[in-house]
Amino acid sequence: MIRLTGIERVFRVGDEEVHALRGVDLAIEQGEYLSIMGPSGSGKSTLLNVLGLLDRPNAGRYELNGRDVTGLGDDELARVRREAIGFVFQFFHLVPRLTAEQNIELPMVLAGIEPAERRRRLDRLLAEYGLEARAGHRPDQLSGGQCQRVAIARAMSMGPTLILADEPTGNLDRHTGQEVMAVLERVHHEGGTVAIVTHDPEIGARAHRRIRLVDGEVVEDKKE
Amino acid sequence: MRFTDLLRFAWQVLGGYRTRTLLILLAMGIGVAAVVAVSAIGEGARLYVVNQFGSLGTNLVIVLPGRSETAGAMPGVLMGKTPRDLTLDDALSLKRSPSVLRIAPLIVGAGDVRVGSRSRETPVLGTTAEFIQVRQMDIGQGRFLPPGDPRHSQPVCVIGAKVAAELFGPRPVLGEWLRIGDRRFRIVGVLARQGQSLGFNTDEIVVVPLAAAQALFNTEALFRVLVEAKSREQIVNAKQDIEEIIRLRHEGERDITVITQDAVLETFDRILRALTLAVGGIAAISLAVAGILIMNVMLIAVTQRRKEIGLLKALGATGRHIRAAFFTEAVMLALGGAACGLAVGKLGQLAIGQAFPNIPFTAPWWAVVAAPLTAIVTSVLFTVVPAKRAAMLDPVMALSKR
């Protein structure tokens, strides 16, 4: 479903060239649950951004659902992101002035979905993530765990093929982190493809496939 | 993104930063209100002057004895003789011009008007029956001077409303007699109240037949001749004809001055219109300032909402979506500001109108259209740069920064 071949990503810092990714080859099948681990600066966030089409590789080829997305224009990339990819961030990134419900609705608003259809999906998502009682609250009135549940519901609202989570528990206490992981794993059990970038070996170990990056290269790729 | 969603999104932004929104609305509102109020004052002044001239009558040409020269001294003084008088025969000869519809020769003097023991000094106008049509005045009661040969007169007069009230009080005046100097006149009509017209109050005059005035003031010389041209287009012809006819009658001397009301009116109209535009333009500068304020605020918004913009992009917003959101926000601010400004400007105009009821203060239509339009155009223009900057924001950078 996802195939990366020879992905290179080079940043220019002053006069120096920093290779964030060096010839990464990676194939991810539908329904996989994988974690990407590695020390700071190993390129794991860059890999996630490339997977999420937020960053373009300098070289290599990226196939998503059998389609080469490497050379697509900005607008087309935005459309693919909207329809096929859901993001979950460490700092939740909820819009502070919008309610939980309006935050979940955002991707559907951007996609121009009919209000009636949005309402239908919203009701389902709010129920699924246990947010019915909090629908009208703004982020500053929600706990960290609730914020991340809102973010996951938002990521799921367009029914994406791939969920990308960047340190989803990094800003939460242990107990809430476990809860959020359970929610993400439920997405996986329902057939979703989930990729998690994390520092935490315990979180990383929960995934069925564990990838280790060092200096922009895949040094370990273990499947259970 | 659906249009209603775009509006809702911008509305949420405006509601989310309330102080900021109110400040911009204030700036925009002041700008628009200033343009509307200032141009209303200018337009009021213009209409006031135009009405004053308009009340003299339409298509009016005024003939004055003597010639105003740019040389400084009157030629008559240098030659040792006074300019030739303008006479009734001169006036009547003007009717030969095909462009002239009516004429009203005029003699003006001050007379001691008496009724029984009451007396008062008033301006006395000697003229003919056509005067009332040339000046476009209305009769309140009775009728105006009877038509007939202007060289012979009946002992009748028409008086202004104020004169009637002062000399007769509430008594009926038609058919009563009054005395001017040593002559008696029967009152046949009272002029309708008209008030001030270029400093000359028609409520305070007494109008007598021309021949009677000639006898009263012992003069043949006319004060001036009012001529009504057949149409607006004929005014120029009438003026040429008048000059030619009088020149022939005065042995080749061009010793009259012909003023067309149109020319005077047009000059005033032009000057005051230009003045209104200029002052309105100065007020419009505040609109530009409000536009710059919007740009400033939008630029701050791009920095302030970096993360939000990055997030929107990650969620699949295109550059166009981001730009549209910024422009919608700017236009909504401008529309809101313009609406506030128009309301405040209108109130201001009403307030000034209360203070000076004589002057017709109305904002000209172009100001009412141009002010909000300028507000919208400036805010859109000044949003181009911030919106572009927002649309170009790199989502990875925007999201990674805390």
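Residue numbers (my numbering), protein chains in the order written: chain A, 226 to 449; chain B, 1100 to 1501. A virtual CB, placed ideally from N, CA and C, is assigned to each residue, including glycine.
Secondary structure note for B:T1359: its beta strand (DSSP E) is the uninterrupted segment I1355 to T1359. Below 8 Å, too few C-beta pairs join the segment 408 to 416 of chain A and the segment 231 to 247 of chain A to call them touching: fewer than three. B:S1216 is classed as exposed because its beta carbon has fewer than 16 other beta carbons within 10 Å across all chains shown. Annotation for B:F1152: L1297, Q1360, V1363, L1364 and F1367 place their beta carbon closer than 8 Å to its own, counting only its chain and skipping 5 residues before and after. At a cut-off of 8 Å between beta-carbon atoms, B:E1365 makes no contact with chain A.
Secondary structure note for B:E1265: its alpha helix (DSSP H) is the uninterrupted segment A1260 to F1267. Counting along the chain, A:I338 sits inside no alpha helix (DSSP H), nor does DSSP assign it H or E at all.
With at least 16 other beta carbons inside 10 angstroms of its own, B:I1355 counts as buried. B:I1358 sits away from B:S1196, with the two beta carbons spaced by 8 Å or more. Within a 10 Å sphere around the beta-carbon of B:I1381 sit fewer than 16 other beta-carbons, which makes this residue exposed.
Where B:H1420 is concerned, the enclosing alpha helix (DSSP H) starts and stops at G1418 to A1454. When 9 Å is used as the limit between beta carbons, B:K1487 is near no residue of chain A, the shortest such separation being about 14 Å.
At the C-beta level, A:M262 and A:P332 stay beyond 8 Å of one another.
Selection B:K1412, B:A1228, B:A1337 and B:A1320 evaluated against A:D299 yields B:K1412 as nearest (Cα-Cα). Setting aside the 5 residues that flank it on each side, B:P1459 is surrounded in the same chain by G1143 and L1146, each with a C-beta closer than 6 Å to its C-beta; the list follows chain order. Per DSSP, the unbroken alpha helix (DSSP H) holding B:D1188 starts and ends at L1187 to S1192. At least one CB of chain B lies nearer than 8 Å to the CB of A:L335.
With its beta carbon at least 8 Å from every one in chain B, A:N283 lies outside the interface.
Taking 8 Å as the CB threshold, B:V1396 stays off the interface with chain A. Checking the DSSP bridge columns, you'll see B:F1284 partnered with B:L1277. Taking a Cβ-Cβ cut-off of 8 Å, the neighbours of A:V320 in chain B comprise E1407 and L1410, given in sequence order. Going by DSSP, A:L387 is part of the beta strand (DSSP E) stretching over L387 to D391. Take B:G1114, set aside five residues on each side of it, and the residues of its chain with a beta-carbon closer than 8 Å to its own are T1120, in chain order.
The beta-bridge partner set that DSSP reports for A:F236 consists of A:V243. One Cα belongs to B:F1425, the other to B:A1109, and the distance between them is close to 8 Å.
Residue-level contact check: A:P332 touches chain B, since one or more beta carbons of chain B fall below 8 Å from its beta carbon. Along the segment 247 to 261 of chain A, there is no position whose C-beta sits under 7 Å from a C-beta of chain B.
Taking CB atoms only, B:Q1111 has a neighbour in chain A less than 8 Å away. When rounded, the separation of the alpha-carbon atoms in A:H318 and B:V1468 is 43 Å. By the neighbour-count definition (other C-beta atoms within 10 Å, threshold 16), A:S260 is a buried residue.
B:C1256 has B:I1286 as its beta-bridge partners, per DSSP.
The alpha carbon of A:Q366 has as its nearest neighbour, out of A:I310, A:V313, A:G291 and A:L323, the alpha carbon of A:L323.
Between the C-alpha atoms of B:L1191 and B:M1236 there is a straight-line separation of about 22 Å.
Note on geometry: alpha-carbon atoms of A:I428 and A:I421 lie some 9 Å from one another. In its chain, beyond the 5 residues on either side, M262, G263, V444 and E445 have a beta carbon closer than 6 Å to the beta carbon of A:R437. Non-local beta-carbon contacts of B:A1139 in its own chain, meaning distances under 7 Å to residues more than five positions away in sequence, involve Q1448, F1460, T1461 and A1462 in chain order.
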